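Notes for the one structure printed next.
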Amino acid sequence: MKKFPEAAHLYEKALYYDKAASLYIRCKDWSKVGDLLPQVSSSKIHLQHAKAKEADGKYKDAAQAYESLKDWHNVIRVLLDHLNNPEDAELIVMKAPSIERVKMVARFFLRVKDYHSAIQFLVLSQCNDEAFQLAVQHGKMEVYVDIIGSESTQEDYQSIAFYFEGGGNHLQAGKFFQKCGQYSRALEHFLKCSNTDNNLAVEIAIETVGQAKDSSLTNQLIDYLTGESDGMPKDAKYLFHLYMALQQHKEAARTAIIIAREKQCAGNYREAHDVLFSMYTELRAQKVKIPKDLTTNLMIYHSYRLADLQWDREDHLKAGHMRNRVSNYISRFPKHVVTILTGAVIECHRSGLKDSAYRLAAMLMRPEYRNEIDKKYRRRIEWLVRLPDTDTSDLEEEKTPCPFCGCQLPQNELQGYSCRNNVPYCITRVVTC
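This note's numbering puts the first residue of the sequence shown at 317, with every later residue one more than the last.
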């Protein structure tokens, strides 16, 4: 007879819920099945219900039914194969992880050619070996590298280094040999980098040698930077950075002064100032004695920069003192001798520093400078030399004691008369503190 609805109804009346639910499933009376499921104890019937929902195309209901059974494999399968819902599948894998479930989600991303998500999901699920192999197969190693970041093992880094080494990517190979502590091999790759990668490669090579603390690697890099190995000396800033990485501060300071002189000879005074200031602050931070040459040079370039600022503010006395000080070191400004001296004469004369104005004007009248003076200032400077003021003294400055030898110093004198030490000064005004 097979009258399933009637039989199911009778079983329900008799409180045989498992048998009733099984028969309601056979007749696809889902409303009745839903009412009875809370009373059904048999997991087989719950599974039967889930499979029936799936077969009937009711995939959301099927996924919920599988989830109530904690049948995570089938939940993930339905979400991916029928509902195209990788987000919920990922959440389930994170909640109930297993290698097979991870691979199911990864296979889904591969099927839709979303290699980035596939690799990312494998890494997040700590399946790095599978993620690495996937990256190799599909040429997505850069994606893998970005995803693993710094949270990986030495073995992972070595595998990545070998991959890039095989592909001739010296920069990336060097980076990952460095990460796994193979410093010699890393340096070898950095020094082979092409011109397009060279600057970054040299910076990381310096970092590598600093970590290695190996004298042979240090000497190898110094030979490269000085041009001993290839006849092509590199920018001196790299040698400075190397000495800083090795904490050889005296050598770094000497190199900084050399770099500043190169900048100054090219007329790049702001860059010279920045190099020296960076070195000064680093040495202060390391509590290392700062060479006198460095502090003197920094004071000169700082005065040069502030002179223009004071001129813009129309504080002619301060500008005059600054320009006067800079003029005392005019050999440090070979490309702008006449320009600097001219500005100094004008500011000193305007601010009452008449002796300084006359002295600097006389210097400008030398044959090697005279014809280079701007025409609009030349006659004025010539008259200043020919017909000096009767009172040619500078305005008297306030004096303060030298903190080293105690002698009284004018505010704008930054070196003790007796001790010859550089005196601390205000960074905004460059006068004694």
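For every residue, glycine included, the Cβ atom is placed at its ideal position computed from N, Cα and C.
Model, not experiment: these values are computed from the prediction.
Item: Residue closest to Gln364, alpha-carbon to alpha-carbon, out of Lys374, Ala381, Val461; Value: Ala381
Item: Nearest-angstrom beta carbon gap, Met595 and Ala568 [assumed within contact, 8 angstroms]; Value: 7 angstroms
Item: Straight-line gap, Met317 to Asn400 (C-alpha atoms, nearest Å); Value: Since pLDDT at Met317 reaches only 45, below the 50 mark, its modelled position is unreliable, and the value read off the structure follows with that caveat. Looking at the two C-alpha atoms, the distance is approximately 42 angstroms.
Item: Where the alpha helix (DSSP H) through Pro402 begins and ends; Value: 402-411
Item: Paired residues, beta bridge with Lys715 - DSSP; Value: Pro726
Item: Neighbourhood of Leu426 by C-beta, 6 angstroms cutoff - its chain only, sequence neighbours within 5 removed; Value: Ala434
Item: For Met317, three-class secondary structure by DSSP; Value: Below a pLDDT of 50, predicted positions are generally treated as unreliable, and Met317, at 45, falls in that range; no measurement from the model is reported.
Item: Coil, strand or helix - Ala660 by DSSP; Value: helix
Item: Environment of Asp710 [buried if 16+ CB atoms lie within 10 Å]; Value: buried
Item: Length-filtered (3 minimum) beta strand (DSSP E) runs lying within the region 357-381; Value: none
Item: Residues near His637 in its chain [Cβ-Cβ closer than 6 angstroms; skip 5 each side]; Value: Asn728
Item: Tyr733 - DSSP class collapsed to helix/strand/coil; Value: coil
Item: Burial state of Phe478 (16 or more Cβ within 10 Å); Value: exposed
Item: Own chain residues within Cβ distance below 7 angstroms of Cys721, not counting five before or after; Value: Gly732, Ser734, Cys735
Item: Cβ contact check for the region 517-528 and the region 485-499: 3 or more pairs under 8 angstroms; Value: yes
Item: Segment contact, 8 angstroms Cβ cut-off, at least three pairs: the region 597-610 with the region 644-654; Value: no
Item: Reduced DSSP secondary structure (H/G/I, E/B, other) of Asn687; Value: coil
Item: 7 angstroms CB neighbourhood of Tyr499 in its chain, flanking five on each side removed; Value: Thr524, Gln527, Ala528, Asp530, Leu533
Item: Helix, strand or coil at Tyr693 according to DSSP, with G and I counted as helix; Value: helix
Item: Residues of its chain near Lys579, where Cβ-Cβ distance is below 8 angstroms and the 5 sequence neighbours each way are ignored; Value: Tyr585, Glu587, Ala588, Val591
Item: Residue ranges of each beta strand (DSSP E) within the region 411-436, 3 or longer; Value: none
Item: Cβ-based burial, Ile743 [other Cβ within 10 Å; buried from 16]; Value: exposed
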